[in-house]
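Student: Heads up: the sequence lines are chains S and X, in that order. Take the first sequence: its letter number 391 is residue 391 in the working numbering, and every next letter is one higher. Take the second sequence: its letter number 52 is residue 52 in the working numbering, and every next letter is one higher. The beta-carbon is built from N, C-alpha and C at its ideal position, and this holds for glycine as well.
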Amino acid sequence: MIAATALADLPPASVPPADEASALVSLRGVSKRYGDLLANDSIDLTLAPGEIHALLGENGAGKSTLVKILYGVIEPTAGEILWEGRPVTIASPVAARALGIGMVFQHFSLFEEMTVAENVAVALPERSFETVREELAEVSRGYGLALEPDRSVWTLSAGERQRIEIVRCLLQKPRLIVLDEPTSVLTPQESERLFETLTRLSAEGTAILYISHKLEEVRRLCRSATILRGGKVVATLDPRAKSAREIAAMMVGSEVGAVRAHLSKGLSDEVLRVESLSLPPEALHGKHLRDVALSVRAGEVVGIAGVAGNGQSELFAALSGERLSPNAGDVVIAGTGAGRLGIDARRRIGAAFVPEERLGHAAAPGHGLSDNTVLSHHATSGLVRAGFVAFSEAAKIARSVVGHFDVRTPSDDPAARKLSGGNLQKFVVGREILRGPKLLVVDQPTWGVDAGAARLIRQALVDLAAKGAAVLVISQDLDELFEIADRMAVISEGALSPLRPAAEWTREAIGLEMIGAHAEADAVLAREPA
Amino acid sequence: MRLELLPRPDPSPVARALAPLAALVVAFLVAGLVVALMGRSPVSAFEVYVLQPLTDPWSLRAMLVKATPLILIAIGLSYCFRAGLWNIGAEGQFIMGGVAGAALALATHGSDPGPWLLPAMMIAGILGGAAWGAIPAFLKVRFGVSEILTSLFLVYIAELFLDWLARGPWRDPAGFNFPQSVVFESAARLPEIPGLDRVHVGVILAVIAVLVTAIVLGRTLFGYRLKLTGDAPRAARFAGFDAKRTTFIVFLISGGLAGLAGIAEVSGQIGRVIPDISPGYGFTAITVAFLGRLNPFGILAAGLVLALTFIGGENAQILLRLPFDLTVAFQGLVLLFVLGADALVSYRVRLVRRVGAKA
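#1: Can you list the residues of chain S that Tyr224 (chain X) reaches, using a CB-CB cut of under 8 Å?
#2: May I ask you to list, following chain order, the residues of the segment 22-37 of chain S that have a beta carbon less than 7 Å from some beta carbon of chain X?
#3: With Tyr79 (chain X) as the anchor, note down where its alpha helix (DSSP H) starts and where it stops.
#4: Flag this pair as yes or no: are the beta carbons of Lys438 (chain S) and Val271 (chain S) separated by less than 9 Å?
#5: Given a cut-off of 9 Å, decide if Ala27 (chain X) and Leu336 (chain X) are closer than it, judged by their beta-carbon atoms.
#6: Would you be able to state if there are at least three C-beta pairs under 8 Å between the segment 232-247 of chain X and the segment 163-173 of chain X?
#7: Using beta carbons (cut-off 9 Å, strictly below), is Ala359 (chain X) in contact with chain S?
#8: Is the segment 492-503 of chain S touching the segment 316-327 of chain S, taking contact as three or more C-beta pairs under 8 Å?
#9: Using the beta-carbon count (16 or more within 10 Å), is Arg350 (chain X) buried or exposed?
#10: Helix or strand or just coil, what does DSSP make of Trp83 (chain S)?
#11: Using DSSP bridges, identify the partner residues of Asn327 (chain S).
#12: Would you mind working out which of X:Leu326, X:Asp172, X:Thr287 sits nearest Gly76 (chain X), comparing C-alpha positions?
#13: Taking only three categories from DSSP, how would you classify Pro7 (chain X)?
#14: For Phe388 (chain S), write down the residues that DSSP places opposite it in a beta bridge.
#15: Note down, in chain order, every chain X residue with its Cβ under 9 Å from the Cβ of Gly360 (chain S).
#16: Please state the DSSP three-state secondary structure of Ala13 (chain S).
#17: Tell me which residues share the same chain as Val441 (chain S) and place their Cβ nearer than 6 Å to its Cβ, disregarding the 5 neighbours each side in the sequence.
#18: With 9 Å set as the bound, which would you pick, yes or no: does the beta-carbon of Ser276 (chain S) sit closer than that to a beta-carbon of chain X?
#19: Please compile the residues from chain X whose C-beta is within a distance smaller than 7 Å of the C-beta of Ala364 (chain S).
#20: Around the Cβ of Ala526 (chain S), are there at least 16 other Cβ atoms within 10 angstroms (buried) or fewer (exposed)?
#21: So the candidates are S:Pro281, S:Leu70, S:Leu215; which of them puts its Cα closest to the Cα of Met250 (chain S)?
#22: Report yes if the C-beta distance between Gly133 (chain X) and Leu6 (chain X) is below 9 Å; otherwise report no.
#23: Could you tell me the alpha carbon to alpha carbon distance between Trp116 (chain X) and Ile123 (chain X), rounded to whole angstroms?
#24: Please confirm if His367 (chain S) has its CB atom under 9 Å from at least one CB of chain X.
#25: For Ala338 (chain S), which three-state DSSP category applies?
#26: Would you please state the rounded distance, in angstroms, between the beta carbons of Leu24 (chain S) and Leu47 (chain S)? I believe it to be under 8 Å.
#27: For the segment 184-213 of chain X, enumerate the residues whose C-beta is nearer than 7 Å to any C-beta of chain S, in chain order.
#28: If you measure from the beta carbon of Gly422 (chain S) to each beta carbon in chain X, is any gap under 9 Å?
#29: Go ahead and label Val43 (chain X) buried or exposed: buried means 16 or more other beta carbons lie within 10 angstroms of its beta carbon, across all protein chains shown.
#30: Of all Cβ atoms in chain X, is any one closer than 9 Å to the Cβ of Leu70 (chain S)?
#31: Determine the burial state of Pro9 (chain X): buried for a count of at least 16 other Cβ atoms within 10 Å of its Cβ, exposed for fewer.
#32: Show which residues of chain X have a CB atom less than 7 Å away from the CB atom of Asp344 (chain S).
#33: Using a C-beta to C-beta distance shorter than 8 Å, which residues of chain X count as neighbours of Glu322 (chain S)?
#34: Alpha carbon to alpha carbon, how far is Gln180 (chain X) from Ala206 (chain X)? Give it in angstroms, no decimals.
#35: Identify whether Arg127 (chain S) lies in helix, strand or coil by the three-state DSSP scheme.
#36: For Ile2 (chain S) and Glu520 (chain S), what's the separation of their Cα atoms in angstroms?
Structure representation (structure tokens):
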């Protein structure tokens, strides 16, 4: 674990939670109502200069709403915001930036075809391009945010792109920086460098509001945390004083258990076999799959780790049949050469798929859950007779998924977009598991999902393998893979590392594989046998 | 200062249902204003445009005849529009359907071909329209060309082709050089519905198209496929529905129904080939499809409403000396306001002032 030691060397920069007088910003009784839904219910939150404050909560707890209020994107229904003790109205992001609030969003807003410096300069129209370029170099040196100003953005990794966003934010000399799930796209090593930067900023007096669901990193980085649940503050505490389990329980409102490991019943046949699969990219900046080989046997969970954008979507498309391979033998499912088969034909031979995007890919946002059941069941579940869809039977299956997988719905058969992220994810995973597949391929099963739903989904995947199915999980969440995978590989730039038993991997070796340093990874593994 | 459209989290179903009516009302008010600016009384214009046709049996029957092509075409368009494909060229597909069917009528002219002729003409009409519709589908699937442009361009090609036929090879030698063909023999004319003077059986075809489409869109996997393709294209691919095939199928259906409307108009209403077989039915049908919310029964009602504007427009030309362009403008206003009303149902307009933080 490279991570923990590096941080310990840094000076303790954070100051204790602020009182009202010395506060940089305080929110008092801030509420936001959408129709019947109270997204924020009189929230109090105070940050002192230099404080790194975590904002924790499940999806739908109101974190995004609160941050958007702070950044002037939405207007609060009630309550007031004090900036250095003075009440302020933050009417727009422009106003927020003028006050000294900077924001680094989870999803980057960068122009792929433009250079780093150009991307920064467009956000600062009042300064000349040359000034921006110089300041950019200065700031990136000063904070250890290595960036080449003249590189095109599309050539950069997610970590480098995030650095652009951070630098862009820093050039505006913010007094408060809000970061939304910043490490979700980073390798462990990249996360570590981000923490160093944040610690340095904090030491200089910049307050940081850090939104995350990764409790371990919050416990390392932050001295204070506010936990939201159902739009309300349930606790303000020092995250180091509580265990991750206790904090998770506060976020969910009940105890979150660990996933029960399945007892491996001796592995049997290979259900998925991929051999020397190469596919050129379909999209302009897509990844080229290079000579991918992997196998998943009945009864095991195989995990594929990797930083976002390294060929995961391309691999998923090739496995699911959304994209066909050149040869039938490139993808073998349950003994059938399926490389030339479309997704429905692959479903008919026992495969099931859950893509990364819940809304728009796994489910049609405006369609009800029963219609969304037809989506992946029409080829296999006898729902269609002579071209006619038995919608009442689809509704029955949907209700059964809702019941078995604890999907909380606001009404009977709601539109998919009415469900929270976690509940919709439970639905789309459950929809496939209920078909009783021999092979399940899941891309990012718990991405942006609350802790309770994530646990339920992981348990369901492990249980499915225990019943004899082969499960392939593509995930950016290393903790998740270590929790449920029997064997793991790392994808980097469209190439896959060898599959090894999960117990043989170390985080350091995975981090090295993530940046394509195979020889170094092998060396690390040879040095420290698990 | 700028306007922002913010999506409403829960668009009201009542507002959504009332939007087409509101759009019609606003269109009437604006048209009334235009009439007033032209120095005529909006009240008497309303009477001539709307009330008189609705109270006169002859006008009511004429309305059915005008509504037939509008409904047939709009029903076809609803397949395309549901799947998110913008077929703007129904006018061309209508013309090519008419041409294909008329070719059969003229080829057999004077040879007493028997009862198969009419059905064969209808099928030829469908094939002609479908073939014309297949061109933009092919260009989109093969080369990624926008179907909006190609389908529209093909309208002009079809119009000029028909014009050439009517003035050239198909001109009636005994027709005093008028640009028109011989009058079809009765075996090539769609018969009138018994008891409905001047109303041809094309009306029945339109009603059948409405009913079949209601079943196809509401109950079948194909209907589900179109809705999914239009609403969430990536999810449709995940469901195993090939987008290219969908594109071809809806353009064939849409073109086929427009072609059927074309030959029904030529055979049932006009009875010969002339350069202008359509007063813009193919374009007005776009308004019909949206005014009817892409719902088959909505399209039936909307087809009647727009047909009324054609009848009223003819009346107004005669009685008030108002130009036919006013009718076309009114139809455009209806489409504009229907789309506008839909936008207002789904989005809230916010006026944003550019200000800094107010301390």
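Tutor: Reading it off the structure:
#1: Asp371, Val374, His378, Val389
#2: Tyr34, Gly35
#3: 57-82
#4: yes
#5: yes
#6: no
#7: Since pLDDT at Ala359 (chain X) reaches only 37, below the 50 mark, its modelled position is unreliable, and the value read off the structure follows with that caveat. Closer than 9 Å to some Cβ of chain S, the Cβ of Ala359 (chain X) qualifies, so yes.
#8: no
#9: exposed
#10: strand
#11: Its beta-bridge partners do not exist; DSSP assigns none.
#12: Selected option, being the one with the closest Cα: X:Thr287.
#13: Of the three classes helix, strand and coil, the one that applies to Pro7 (chain X) here is strand, per DSSP.
#14: S:Arg385, X:Thr220
#15: Ala232, Pro233, Arg234, Ala235
#16: Because Ala13 (chain S) sits at a pLDDT of 41, beneath the cut-off of 50, its placement in the model cannot be relied upon, and the following sentence gives the value as read from the coordinates. Three-state result, Ala13 (chain S): coil.
#17: Leu319, Phe353, Leu472
#18: no
#19: Leu228, Asp231, Ala232, Ala235
#20: exposed
#21: The option with the nearest alpha carbon to Met250 (chain S) is S:Leu215.
#22: Contact flag unset, no.
#23: Approximately 11 Å between the Cα atoms of the pair.
#24: At least one chain X Cβ lies under 9 Å of His367 (chain S).
#25: Coil.
#26: 5 Å
#27: Contact annotation: in the segment 184-213 of chain X, no residue has its CB less than 7 Å from a CB in chain S.
#28: Closer than 9 Å: no.
#29: exposed
#30: no
#31: By the neighbour-count criterion, in which a residue is buried when 16 or more other Cβ atoms sit within 10 angstroms of its Cβ, Pro9 (chain X) is exposed.
#32: Gly240
#33: Arg237, Phe238
#34: Distance between the alpha carbons of Ala206 (chain X) and Gln180 (chain X): 27 Å.
#35: coil
#36: Residue confidence is low: Ile2 (chain S) scores 39 on pLDDT, short of 50, so the model does not pin down where it sits. No coordinate-derived value is stated.
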